[in-house]
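First to last, the sequence lines map onto chains A and B.
The working numbering applies: residue 926 is where the first sequence begins, and numbers increase by one.
The working numbering applies: residue 28 is where the second sequence begins, and numbers increase by one.
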Amino acid sequence: MLKPVDLLILTMLATGERHGYGIRQDIIDLTDGAVRLEAGNLYRSIGRLMDDGLVDESGRRPAAGADDERRRYYKLTPAGRRALAAELLRLRALVRFAESRKLLPQGRT
Amino acid sequence: MTRPASERAYRLLLRCYPKRFRERFEDDMTEFQRDRMRDARQLGWRDALALWCGVLADVARTAPAEHAAAIAAARRERRLARVTRTTSHDTGDGMISSMRHDVRYALRGMGRRPAFTAVILTTLALGIGANAAIFSVVNGILLRSLPFRDADRVVDARHLDPYYSVSEPEFMDYKHEVRAFEQLAANAPADANLSGGDEPERIEAARVSDGFFRILGVPPALGRTFTPEEDTPRSERVIVISDGLWRRHFGADPHIVGKSALINDVPRTIVGVMPPRFDFPGASITVWTPLRLNTDSLWTRNNHYLTMVGKLAPGATVERASAEMNTLDRRWVIAYPETYFPGRPLVSVPMTVADKLLGGTRPYLFALLGAVGFVLLIACVNVANLLLARGESRRKELAIRTALGASRKRIVRQALTESAIFAVAGGTLGLVLAWWGGRVILALAPESVPRVGEIGIDARVLAFTFAISLVTGVLFGLVPALRGSRGDSADTLREGGKTSAAGTSLRSARGALVVAEVALAVVTLTGAGLMVRSLWKLQATEIGFDPSHVMTMQLSLPPKAYETDERIVAFYQQLTERVRAIPGVRAAAVAGQLPMAGGLSMWSIFLDGRVVKVISEAPSAAPQQVTADYFQAMRIPVVRGRAFTDADRDGAPFVTVVNETMAKQFWPGQDAIGHTLKMFNDKSPWATIVGVVKDVRSGGIQEDVPPTMYFPHAQAGKSAYYAPRGMTIAVRTTGEPSSVVPAVRAAVRALDASVPVSLVRPMDEIVSASIASRRFSTALLATFAALALVLAGIGIYGVIAYGVSQRTYEIGLRMALGAQRRSVMALVMTQGMRMAMLGLALGIAGALAVTRALGSLLVGVTAVDVPTLGAVSVALAVVAALACLLPARRATNVSPTEALRTD
């Protein structure tokens, strides 16, 4: 079972390599600003995910659309991809179960 | 590219993280932050503030977490390394590992109950701290050896009253005939003026005979002490000075030896400097000079002014010295009947210097040690009780452990480990308290306490504290440990670990402990109460004069410039006139000696024309030379007749004033006025008594009032042998006494700048100093007694409160069955008060036995003092009632339904 923050980070990285600030911005977009990660929390999570072998560095490169500073980008490892898939499956099972018991509020997608 | 301030601040903030984490992410995080700042640039200050708050909160949350993770990781690594290293012989030391386990188990238990642990540690720290503090005082004053070689062989020898000191012929006889002394030296005090500094200084000197320094066995720090030749008349004048004088007056000059000092305007060569701490025979001695007895023409045998210090011959005892001296004494009384008072035998009292210096302090210290010992015992009882109560609630746990196969030995050891940890921790805290308490004691201790400078924490105090901590640990740990290991585990488990009526034996054990501690508290309180009563009695003693608003200063005229009585009298006459003119001065007078500032000597006199040949048949009284306004300045009431006036000068009829004791003693049933007296001397004139004044406690509050005769200073040169050069001025002021000091000093300087002014102090300070040691030790004793009372109260409270919590079910049942709140309250109160009263009774019995030891310290009260015992009983009853009241009230608030449901 993954922590919510870890799940969010893995999900963002699943769609492409990103640098830290990019991950934060994407999460803000996704959650309509409900989750705003600060640097300490974000990099702590990244460090943990790297220790667990779910995330890896993908080298430095210039950020798109910014000046020529180089940033460190992160990507999912195959193990990370598997862990994300497993977690999402688990979540889907959970949501289906909840739907079958009519636990979700109606009228929302 | 210079970095913006915000980025530098952020980098600084990142230092909160562990190094490893920083190395990994510092740059990334800074980039991240830079992006944030860039995106936030267009925001207002409010949002910027929110941004930084978010950053700070983030760091505060994640940095400690990251540190914890780092530590955990490091530990994991270490353990892994150790396991791989030591798996081979891990099972070898089962004892050590089980002990380590015990310690860890105990520490975990303490951490789980912080309040319980805090109460125990505080109690122990107070008990052990009080003991360590008082022991550090006892150690410094009594146990540390005196700074003399073979101090137990150094003996002070003098006579009992009324002779007290030793005369020159007596000294020579003792010196030659008492075999018990390897060496014997005499010394006599002397005051002198030391000039040459900015201001002339009044010093106290000791004139010592040959052998003095050898007997004490203290080598000088610089130079040498005296040679035998220097102790002969007409030899060169030499002195040895104290370390204090060397530093203060001579600027610690390393080449001082051989230089000369002006003492009483006579140059004397300094031959040596004594080391610090050497102050024999008195703390204020700063100069030693040879005694220079003229052995060819000694003073008369009845001139007792010397004290002696001797070194016992190897193998000789103080008792033998005493026997030999007293044999001589008895022989002299028969051989010289005209010298010694009939019916007042000459008795020699040699005693070791330690006894002499510390004899007066010892009983106070032992009383204090006793009090803190009791406090510690009470603390032990409290802690034992707490552990017993806790042990009770852990019965189920212990039963399970026993059932699972833990041996009884193992459980006892576990319990003892816990108490040892408590004891050592309490002892350490106690040591801190003792260090602090010792500082407080030092700061408050009066100067009259001997060897105060020696008080401190040394290896012996540390050892003592450690030892009492361990003994304490065993004392309070043993009972609960043995209790805990007993009992049928199966029964306990079947009961579900709850106690209902089963704990009666335990309850009685705890009750007995409380009774014991109440008894101990009563003994301590009674002792302190007796001391407080003694102090009150002393403070209520009528001292015969009014010491408030009186400033005193000692003046000493240099002998060379003031050779004649006329010059001396004129100086003091002019001085009192000048001082009287100072604004704020009510009256001013000088006296040879102030009350309570040192004892008076007794002079033999003739009364009413009856001249006797033999001095032993003459009455004696204490002389006092004073100027006219003395009785006004000191507010000594004139009972009959008149006080002195300025008209009582040289040339006028010789007059004297006596105190009531003297009037009653020598002229019982008569009016003393009109009677005459004169010195035991052919040349002195008869002086007529013109007044009788109230008695003054001149020797000190505790001393008897001697018959006292006052002489006008202006006539004293003729009517009382001499007019003293050294006098003390007493100035009665309208306001703050110290405010007149500069003006008086200026008046002295204006008359003669070479006259030193010393011992500047208010009169009430002199009075309070005379009982300062007693007041101080009484205050300490009272503090410890209060501590004992509070601890005993806490003990009662603990037991009763625990009893109530254990009997919630029973109380609830009673209330459900219709018991009144009042009767429930009475039930609880009775139980507590019964223990308190039993303890009180035992304590009073104990106090009657123990406080007899205080005997020598008590004044005006006997060891069996009904008011004291009454006050102690009331105090204890009140504290006990309060201690029972709180749990009793809680008991009445028990809701029956709640209580019954708990079972």
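We treat Cβ as the ideally placed atom computed from N, Cα and C, and that holds for glycine.
Per DSSP, cross-strand counterpart(s) of residue i
i      : result
B:A614 : B:R759
B:Y190 : None; B:Y190 has no bridge partner.
B:S583 : B:G753
B:V719 : B:R667, B:V685
B:W315 : B:A233, B:V267
B:A714 : B:L704
B:I290 : B:L221, B:V293
B:Q697 : Per DSSP, none; premise fails for B:Q697.
B:L249 : B:V300
B:V182 : B:G337, B:T379
B:A648 : B:W630
A:D981 : A:K1000
B:D677 : B:A679
A:R986 : A:R996
Segment limits, beta strand (DSSP E) that includes residue i
i      : result
B:P739 : 735–739
B:E231 : 228–235
B:K46  : Careful: B:K46 lies outside any beta strand (DSSP E), inside the alpha helix (DSSP H) at 46–66.
B:R295 : 293–300
B:P216 : 208–222
B:S630 : Before going on, a small fix: residue 630 of chain B reads as Trp here, not Ser. Element bounds for B:W630: 630–634.
Three-way DSSP call (helix, strand, coil) for residue i in this model
i      : result
B:M378 : strand
A:Y998 : strand
B:K202 : helix
B:T149 : helix
B:R834 : coil
B:L844 : coil
B:K383 : helix
B:V888 : coil
B:S527 : Because B:S527 carries a pLDDT of 44, less than 50, the predicted location of this residue cannot be relied on, and the following value inherits that uncertainty. Three-state DSSP puts B:S527 in coil, outside helix and strand.
B:G727 : coil
B:E590 : coil
B:M578 : strand
B:P174 : coil
B:D74  : helix
B:S561 : helix
B:L786 : strand
B:V439 : helix
B:V399 : helix
B:R637 : strand
B:R879 : helix
B:R328 : coil
B:V284 : coil
B:V653 : strand
B:V732 : coil
B:T254 : coil
A:M926 : coil
B:D306 : coil
Where the alpha helix (DSSP H) containing residue i begins and where it ends
i       : result
A:Y946  : 945–955
B:W359  : 345–362
A:I1050 : Residue 1050 of chain A is absent from the model: chain A starts at 926 and stops at 1034.
B:L40   : 32–40
B:F239  : 239–243
A:S976  : Residue identity check: residue 976 of chain A is Asp in the sequence provided, not Ser. Taken as a continuous stretch (DSSP letters only), the alpha helix (DSSP H) holding A:D976 covers 964–976.
B:V905  : 893–919
| When Cβ atoms are compared, which residues of the segment 950–969 of chain A fall closer than 8 Å to chain B? | Going along the segment 950–969 of chain A in chain order, one finds R961, E963, A964, G965, N966, L967, Y968, R969 with a Cβ nearer than 8 Å to chain B.
| task | May I ask you to list, following chain order, the residues of the segment 57–86 of chain B that have a beta carbon less than 8 Å from some beta carbon of chain A? | result | Of all residues in the segment 57–86 of chain B, only E58, F59, Q60, D62, R63, G81, V82, A84, D85, V86 come within less than 8 Å of chain A when Cβ atoms are compared, listed by chain position.
| message | Give me the subset of the segment 156–187 of chain B whose CB atoms are less than 7 Å from a CB atom of chain A, sorted by chain position. | response | Of all residues in the segment 156–187 of chain B, none has a Cβ within less than 7 Å of some Cβ in chain A.
| request: Return the residues of the segment 30–52 of chain B that lie within a Cβ-Cβ distance of less than 8 Å from chain A, sorted by chain order. | output: Among the residues of the segment 30–52 of chain B, those with a Cβ less than 8 Å away from any Cβ of chain A are Y44, F48, R51, F52, in the order of the chain.
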